[in-house]
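Chains as they are written, first to last, in this note's numbering: chain P, -3 to 353; chain R, 144 to 516; chain Z, -3 to 231.
Listed below in structure tokens is the structure:
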């Protein structure tokens, strides 16, 4: 309820404008800019992390630079900035035979889908843009908007590779929504709420109260959720929609410049959102792992971001380690392995809850 | 229950495509993800090698052979000089033979490293590719030390070599081998026994023995199909008959004999055998001997023809040289191993999924420079 | 007729009925092929039953894999010996030659099938096929055959006149000949009769002339682009 909070705060601060609509708009814009700033900084950070982690794994140095001038800065810190500028100043090509309106729409749609997910993520007891009572449901629902964007991108490019990529991603993301949803249902069963804050407060009191350690079924649920998350974000080993050695670049084949950057960025934002959901649902959210220690609001932001970043790091780590699955193996894993286990998990957790009272 | 069949789509993989390893176009007919027919189109890299050869002298052919298979130039040189020396009846001294074998085997390691790495890349594993290239780089450093070039060497000449090996080469090579041997295990661990890679390559693109022979497939691809055929053993040229090494053959450990995994794994085993050969060649290399000793002033082979085969990293490389007694070849034909390997693509690739087709293509280890010549 | 042949025919008929006529056409044994085709027609008319699909027939090619037999003695004169055998089997098909076998083109397909199947020879691998312009109005196609089993090796040469260069294709005997012959066709214009897909392979489809013939003249222009003249000699 922070928009209300800011609105009230502004009303108190500027009594002259009391009740003015301008203040409401300002109260909405402030979190928006905060969010946008966060995504920008996060984007640079995660791209740098991807470069450096992959370099470490691949036994190379990654972006390096020294001194001043047109280098990539100290330790290559400016490399993501250079990449971003490079993408934004590139010529923006729209193929002549593409479906122009849809082609332009797709990158915005995917970015909106990822962007608005963040508003339901709690960074602290009061630090959440919108604490709705169906928070977790909202994030899953809004995240699925990406499917439409990917199909649009694949279809409107008028390119066979893009079509393959779009179709693959649609099949993949829709399929993996199910195991992800199934493993979140057990969390909801335990917390008896769809609200993110309620789920977190259920886990208060140290690391052993976290849902992942709640009962023997939960680690399984967490693993299923995390792997499904990898699939939903189109990361290796599930990067079939954009598998560069098969489909050239999948649904982004025809995109260039800033439009490509939007796809690129939304993948990373999606990684963060999914990791934050996993951290909220399984790893105690913004709660400190130690009961009544380092549990102030400032620390809560730290805990939330570090938990989410750890999961993002694991995603990067996995990406640079394993090969890619094939389309039928991907579906096999989802429908014949994860969904039965997920259903079994719901059953097990229900029994557990009944027996434990 | 009938099978619902959609309309078939014609898809051009290439000429610019990340998985074609060069400029190759595979025209595939797909029904969804299933590929029903593959028609390779090549010639995009055709540089008239054979026509050129009819216009330059015998010595001048050697740089052209470099550029055919640019990933194993030493082996291409080797094949040509072996053919020419047989045609002209030249006997080179021991030191030259040892250096040649060392270079050819180093080249084999370099080429197989690239192949296994790129196979991983085709299946989406990026890291092993860079690991492989990192080690290949050390081999290229050794070549640079020897002849100044890193890719196209023009190092082996008819009757000798362009340069002797420099001081410290033998020590550097030993140092490299000591460094390299544990790295092969590392590469094998991250790739060969990776569950996903096994799932992706075992039982995929099985090439039975008789199909392989009928299509003239040679080298590691043939051995992966279970045929124990290596020219270094079966028809030894140079001094290969003196060295102890095994010929790895596909055994179908993870699936069927002759599948993609076998083709990939045979190459890793071959890297180990090459290391053995290099160690033996370095140990028995004579200290003295002029590498220019039997270098003829002008190459003027007698009238006649010869078909000579050598084992390159990609298979049997044949040179058919027809000489009319002049210093210019009358006709020179290169029988390139990758050409025959690519021809089997439709036979073993049709009927698989699109992803599998690219895995099969990667496992065949083709080099377009050599196919198109 | 042996069991294996019956099985093979049954398999081919089934394949053919399922629409895979290529498998039938690719069968090397003409007798089996003919019988299979006849049976397909009969089944089509309803005068015969569809044969039951035999179990464990691995593939068409494996049928011709031979039993263990003694190879022709490997020595320098294997060419001579094989030549004598060919002359025995197909009288009047060879021409004198020293370290190769010179054949007339007419019976080449039959000879090739025989070389591939004769168990003491068993040339299962076509190592290399090339064309060469031997001058005197003649082109020549050369085949380097090799037996993986017996490890012996012969060279066969077939000369044809430049005005009508026609040689029977052997691409159905050794599959690699498909591409080798296409390449020779591409470079020298030798027409391989019976080749199922004789197109240019390395050069563009609209290329004019046969580049590796000695009388080849470069085109003046190609797609409107003037072809630069080659400088004489090397500087």
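We treat Cβ as the ideally placed atom computed from N, Cα and C, and that holds for glycine.
Inter-residue spacing [alpha-carbon to alpha-carbon] between residue 407(R) and residue 506(R): Taking the straight line from one Cα to the other gives about 6 angstroms.
Alpha-carbon spacing of residue 378(R) relative to residue 436(R), whole angstroms: Spanning the two alpha carbons is a distance of roughly 26 angstroms.
Which residues DSSP lists as bridging residue 474(R), in chain order: Bridge partners of residue 474(R): 465(R).
Completely contained beta strand (DSSP E) runs for the segment 158 to 187 of chain Z, where each covers 3 or more residues: 162 to 164
Burial state of residue 372(R) (16 or more Cβ within 10 Å): So residue 372(R) ends up on the buried side.
C-alpha distance - residue 236(R) paired with residue 434(R), whole-angstrom precision: Using only the alpha carbons, I get a separation of about 8 angstroms.
Cut-off 7 angstroms between Cβ atoms - residues of its own chain near residue 234(R), not counting five sequence neighbours on either side: 437
Proximity to residue 264(P) [Cα-Cα], best of 22(P), 49(P), 230(P): 230(P)
Distance between residue 400(R) and residue 348(R) (C-alpha atoms, nearest Å): Residue 348(R) and residue 400(R) have their C-alpha atoms spaced approximately 10 angstroms apart.
Beta-carbon contacts of residue 58(P) that lie in its chain and below 6 angstroms, excluding the five residues immediately before and after: 47, 48, 51
Beta-carbon proximity of residue 221(P) to residue 191(P), cut-off 7 angstroms: The criterion of a C-beta distance shorter than 7 angstroms is not satisfied by residue 221(P) and residue 191(P).
Length of the line joining the Cα atoms of residue 230(R) and residue 123(Z): 19 angstroms
CB of residue 335(R) within 7 angstroms of CB of residue 319(P), strictly: Taking C-beta atoms as the reference points, residue 335(R) and residue 319(P) fail to come closer than 7 angstroms.
Residue from 225(R), 163(R), 159(R), 258(R) with nearest C-alpha to residue 302(R): 225(R)
Where the beta strand (DSSP E) containing residue 140(P) begins and where it ends: Unbroken run through residue 140(P): none, as it is neither H nor E.
Per-residue DSSP class, three states only, for residue 124(P): coil
Segments assigned alpha helix (DSSP H), at least 4 residues, entirely inside the segment 184 to 233 of chain P: 192 to 198, 214 to 228
For residue 124(Z), the first and last residue of its enclosing alpha helix (DSSP H): Element bounds for residue 124(Z): not the alpha helix (DSSP H) but the beta strand (DSSP E), 121 to 131.
Cβ-heavy atom distance, residue 162(Z) to the ligand ADP, below 6 angstroms: Judged by which ligands are present, the structure shown has none, so any question about the ligand ADP falls away.
Contact under 7 angstroms by Cβ, residue 454(R) with residue 481(R): no
Helix, strand or coil at residue 307(R) according to DSSP, with G and I counted as helix: coil
Reduced DSSP secondary structure (H/G/I, E/B, other) of residue 50(Z): Per-residue confidence for residue 50(Z) stands at a pLDDT of 46, beneath the threshold of 50, marking its modelled position as unreliable; the derived number appears in the next sentence. Looking at residue 50(Z) - three-state DSSP - the assignment turns out to be coil, as it is neither helix nor strand.
Inter-residue spacing [alpha-carbon to alpha-carbon] between residue 215(R) and residue 262(R): 17 angstroms
Distance, residue 305(P) Cα to residue 268(P) Cα: Going from the Cα of residue 268(P) to the Cα of residue 305(P) covers about 7 angstroms.
Residue 198(Z) to residue 475(R) span [Cα, whole Å]: 17 angstroms
Same chain, Cβ closer than 6 angstroms to residue 84(P), five either side skipped, listed in chain order: 254
Pick from 419(R), 153(R), 510(R), 387(R) that is closest to residue 249(R), judged by C-alpha positions: Distances from the alpha-carbon of residue 249(R) to those of 419(R), 153(R), 510(R), 387(R) put 419(R) closest.
Nearest-angstrom beta carbon gap, residue 315(P) and residue 249(P) [assumed within contact, 8 angstroms]: About 20 angstroms; that fails the 8 angstroms criterion.
Rounded distance between the beta-carbons of residue 201(R) and residue 552(R), thought under 8 angstroms: Residue 552(R) lies beyond the residue range present for chain R, which begins at 144 and ends at 516; the question has no answer from this structure.
Beta-carbon proximity list for residue 163(R), same chain, < 6 angstroms, skipping 5 on both sides: Residues 157 of the same chain have their beta carbon placed closer than 6 angstroms to that of residue 163(R), with the five preceding and five following residues left out of the count.
Beta-bridge pairing of residue 300(R) - partner residues as DSSP gives them: 303(R)
C-beta atoms of residue 291(R) and residue 515(R) nearer than 7 angstroms: Here residue 291(R) is not near residue 515(R), since their CB atoms are 7 angstroms or more apart.
Local Cβ density within 10 Å of residue 192(Z), reported as buried at 16 or more and exposed below that: exposed
Partners in chain P for residue 161(R), counting only beta-carbon separations shorter than 8 angstroms: Identification of chain P residues near residue 161(R) by a Cβ-Cβ cut-off of 8 angstroms yields 240, 241, 244, ordered along the chain.
CB contact below 7 angstroms: residue 356(R) versus chain Z: yes
Cutoff 7 angstroms: residue 165(R) Cβ touching any chain Z Cβ: no
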